[in-house]
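The block underneath contains the structure these notes are about, expressed in structure tokens.
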Amino acid sequence: MNFFFNLRGTFVKQIAEDRPVAEAAMSPPRRSSSSHGDRTSTENLQKNNSSNSGVILDISTLKMAEVDSEVPPLPPRYRFRDLLLGDQTFQNDDRYQEEYSMDSTNAQVQVEFYVNENTFKERLKLFFIKNQRSSLRIRLFNFSLKILTCALYILRVSLDNPKDTPCPMCQNNSLTNTTETPGEIKWGYIFWVNRRVPVWAIQVTVALISFLETMLITYLSYKGNIWEQIFQISFILEMINTVPFIITIFWPPLRNIFVPVFLNCWLAKGALENMINDFHRAIQRTHSAMFNQVFILICTLLCLVFTGACGIQHLERAGKELSLFDSFYFCIVTFSTVGYGDVTPQIWPSQLLVVILICVALVVLPLQFEELAYLWMESQKLGGNYSRHRAQTEKHVVLCVSSLKIDLLMDFLNEFYAHPRLQDYYVVILCPTEIDIQVRRILQIPLWSQRVIYLQGSALKDQDLMRAKMDDAEACFILSSRNEVDRTAADHQTILRAWAAKDFAPNCPLYVQILKPENKFHVKFADHVVCEEEFKYAMLALNCVCPATSTLVTLLVHTSRGQEGQLSPEQWQRTYGRCSGNEVYHIRLCDSKFFGEYDGKSFTYASFHAHKKYGVCLIGVKREDNKSIMLNPGPRHIMAATDTCYYINITKEENSAFIFKQEEKHNKGLPVTGLYDAPSRLPVHSIIASMGTVAIDLQNPDPPEESSKLTLPTENGAGSRRPSIAPVLEIADSSAILPCDLLSDQSEDETNQSDEEGSVGSDFVKGYPPNSPYIGSSPTLCHLLPQKAPFCCLRLDKGCTHNSFEDAKAYGFKNKLIIVSAEMAGNGLYNFIVPLRAYYRPRKELNPIVLLLDYPPDNHFLEAICCFPMVYFMAGTIDNLDNLLQCGIIYADNLVVVDKESTMSAEEDYMADAKTIVNVQTMFRLFPSLSIITELTHPSNMRFMQFRAKDCYSLALSKLEKVSCSGPGTETVTIERDKGSNLAFMFRLPFAAGRVFSISMLDTLLYQSFVKDYMIAIARLLLGLDTTPGSGYLCAMKITEEDLWIRTYGRLFQKLCSSSAEIPIGIYRTESHMFSTSEASSV
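Residue numbers (this note's numbering): 16 to 1098.
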């Protein structure tokens, strides 16, 4: 069976101007830089009015600046100082303050300049520093240069003869002619060496390259203070080892001067450490932190030994003349504390060097051993402080959680760092509990240890927020603890954290996750808010009418490269994995190659031709003067150059390459082959979920069935010629589209229904629900009862004075039931009912809803649902067969099992879903034809849904998740998630078919909104949580065998655009599998 997903748009008039509409998330407010100035001015005003009893603002003392006043230029005497000292201000200069504070026209204005990434400097910086792969090559080249210089030094020492050492400052330019006194130190042998011309030429060349590279890196790394760059140890060592060689080019007598080139081993050590870090970040793999620390310790010890051996050998040229090997032997014996005494330095300079080396070793080596020994110590749990210098020069975000689990951490890190422009960001985790052992192991590997910092502290304390540098953070993510038994208490903690963060850093954008919808208005000030129960119940409801909506939305908000499952032998897994890389992107129409040519054309025309020409799916648009996003506004919407287009594609347009070719010439002479050519493939059934328009249904007073949208054209449908598809008009014909009134019935059931059905349908009216269960719920036009139903009539299992029905069979419902099993009646269930009673659902297709609750609901909840038709409740559980039969499970088409709060916490975390899984497995055995949609706490437990121990197909899927097949002769060690997926169980049949869902998989929606601030608004429109005048909605249509003349998905897209202005966005397919004990399904 095939299912296609599309958004059905609507041409609607706004009924009331005061109705709230969904607004797209605005960009975070720009951080102000004048807070200190405002504080100073406030203090001055308080001082001026200190004689009064209280703070009085004297308006007369304030002067408003003229609009056309000019800002005075910066005095020339400060420009060179600012260049040298970096970010220094001249506000402390009394003379300047007196000069420029006389009137408001000379007010100081701080201007922030942003560097364009397209400049030559930024391109060099991207190549030498930011890009991991290119910077890895640069560091490898630099490391090779340092090793080469050390090798040249050893070669020079091996070829050196102290007796032949020339001395330009000595008489006869030779040290051998000087008078020697017994016991005297021959200083000439220390300052001058015998350097051959080829060796000198190579050393000069390497010195020039190293010098130029160092100056370029210093220029690119300049961040405001030049002295900080100059006084770095690496910079000083580079100058010592390169500048003397460059001077010898212009002064030949100095070619034999001694240069301590062996000090380059320390530069090689630093380059090697940075190279290893870049290597791990480039390949996205790493060794353990212990290996990294041991490697650094070994490098430090080798550098100390090499430096001591070369230094002692050179200084002993003026004394005993030790060889390089003897010096190396002496250093090994000394550092190992053996001390044979057979080789010793004879003159005091070399003895002083030994003393210095021992002091350095006593300082450096214990530090290395201490860092290695205390790697697993408790002192690492607090995490220290996030440095102010790093916070000002680097970008970071803060993650506030009450308890950090390994699954939550990996989901956040994988999704956050999946975007290329976030690779240089730091993540500071602020958590009040001690770090978990598994989390500590993850954060100690170099892949994350360089970018993730764990701080133990509370978000309610300013000291801890200051440690995390919240005021300098680019964003703050505040996540709720969904595993708490008391979810209301968890929300209260989240609200306090959000208030504390907003109070401490008012300009820091907040991304808040809340659990219960009634608490959402407390964090309305946040830039982005995701309410878990709102999204959860809306997706579970749409799963009943649009199969696998939860899977569709999960894959849309999940970042992937589309490389999952490409090694699978199953065709559907390869297609499913490749299409999982589709995401929602945005671009302005005037800047777009995809949509720029459709300026002045209708939205449907642009979507039709953009998909036909480029293969992108245009799903929505936003006017420049309107904050609301409209999904599929239909042919009445005329595209403008300033519109923002929202489209679905594998990658965004900026990363796409355009190759133009003649499609007709390329495909000429090739037979047209499709998926359904072979008759053995039939029957196949599909459902297309699409974004369509309601107005199209109003063109004909007697509209046909849904399947008639794909009716075979009669003009050329016969014969072997492929049927054609009608073109889409550039501008919609206004005479053909009737005006739409939301209060009129747009469903086809009014004209085609029987008298009996008409009597039932006439009892429904359209309007807004009179009672909102919580503050902040968006009003949605729904099918309502003319009068509220009495509370006694809402109970399914007990009769009352109005009716005597005591079970679902007695009611005699025409449509299949939807049963919802939940622990208690919360406000989130309201979001389950609204999408199923929305105004665009045909009346004759409304399914009765039965709420099977463990605890009876209160009157407040009954007051909110009593206005909806065919909504009932009863007390019972799914593990009681009598309760299931009484609520009408044999007459139901869908059973939704909601995760219970009381089972979310267990002694073993992953056992929280045990009872739910076993109960669902029992119902699956008893009612195999029933569609059971289950919510789980942990996504990893999805593999136990509909479990069959001896199912070969499930075993093959399990193997695909763990190890992916490789070519012949190679080891099978490639893990599937290394192919780019963060969803380890995306190929499991229950998840792919939309039968199981975990709300934790929707956390990526909040993380993605940091890069795409419109994703929450689009998700709410898709799920029906918000409504925008003129926007479409999500619906589904079934494809039968008679519709397979359309052959391809591309032609299906064109057909729906041209016939009903609907936009397909996905396909859901089920078909029988070769194994008799299993089924295959995909989205």
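Think of the CB as a built atom: it goes at the ideal place given N, C-alpha and C, for glycine as much as any other residue.
In the three-state scheme derived from DSSP, where H, G and I count as helix and E and B as strand, W266 is classed as coil. When F431, P447, T448 and K628 are compared, the shortest CA-CA separation from Y440 is found for F431. Around the beta carbon of V560, 16 or more other beta carbons lie within 10 angstroms, which makes this residue buried. Rounded to the nearest whole angstrom, the C-alpha separation of N818 and T569 is 43 Å.
Taking 3 residues as the minimum length, the stretch 279-360 contains no beta strand (DSSP E) run wholly inside it. One Cα belongs to A655, the other to Y854, and the distance between them is close to 30 Å. Less than 9 Å divides the Cβ of L1021 from the Cβ of I1031.
The criterion of a C-beta distance shorter than 9 Å is not satisfied by T257 and S236. Listed in chain order, the non-local C-beta contacts of F939 below 7 Å within the same chain comprise I947 and Q961, local neighbours out to five positions each way being set aside. Inclusion of A840 and P871 in the CB contact set at 9 Å is warranted, their separation being smaller than that value. For D1018 and I834, the gap between their C-alpha atoms comes out near 27 Å.
Beta-bridge annotation (DSSP): V780 is paired with L799. Between P650 and F618 a beta carbon distance of about 7 Å is seen, short of the 8 Å cut, so the two are scored as contacting. C546 sits away from L525, with the two beta carbons spaced by 9 Å or more. With a minimum length of 4 residues, the unbroken runs of alpha helix (DSSP H) contained wholly in the stretch 909-958 fall at 929-941. In the structure shown, E598 adopts extended strand secondary structure according to DSSP, grouped into three states.
Taking a C-beta distance under 9 Å as the contact criterion, P857 and L832 do not qualify as a contact pair. Secondary structure note for I371: its alpha helix (DSSP H) is the uninterrupted segment W363 to A388. Restricting attention to beta strand (DSSP E) runs no shorter than 3 residues, the stretch 499-539 encloses them at 525-529, ordered along the chain. The beta carbon of V221 is closer than 7 Å to those of L160, L163 and T164 in its chain, skipping five residues each way along the sequence. Spatial neighbours of I327 in its own chain (CB-CB distance under 8 Å, excluding positions within 5 residues in sequence) are listed in chain order as L337, S342, F345, C346, P360, S365, L368 and V369. Assignment of P742 by DSSP, reduced to helix, strand and coil, places it in the coil class. Within the DSSP bridge table, the entry for F1012 names E950 as partners. Relative to P801, the option among R1010, P784, T564 and V780 whose CA is nearest is V780.
Annotation: the stretch 201-256 contains the following complete segments of the alpha helix (DSSP H) (minimum length 4 residues), in chain order: 202-206, 212-235 and 241-245.
Annotated three-state conformation of Q465 is coil, per DSSP.
Membership of K1053 in any alpha helix (DSSP H) is not indicated; the residue belongs instead to the beta strand (DSSP E) covering Y1048 to I1054. Bridge partners of A907 according to DSSP: L832. The Cβ atoms of D869 and A837 sit closer than 9 Å to each other.
When DSSP states are grouped into helix, strand and coil, Y854 belongs to the coil group. Ranked by Cα distance from S402, the first of L475, G791, M485 and V320 is M485. Residue environment for G592: buried (at least 16 other C-beta atoms within 10 angstroms of its C-beta). Within the same chain, Cβ atoms closer than 7 Å to the Cβ of D894 are found at N934, the five residues on either side in sequence being excluded. Rounded to whole angstroms, the Cβ separation of G577 and S595 is 6 Å, and the two are in contact under 8 Å. Burial state of V378 is exposed, judged by a 10 Å Cβ sphere holding fewer than 16 other Cβ atoms. In terms of Cβ geometry, I1078 and C797 do not form a close pair [threshold 9 Å].
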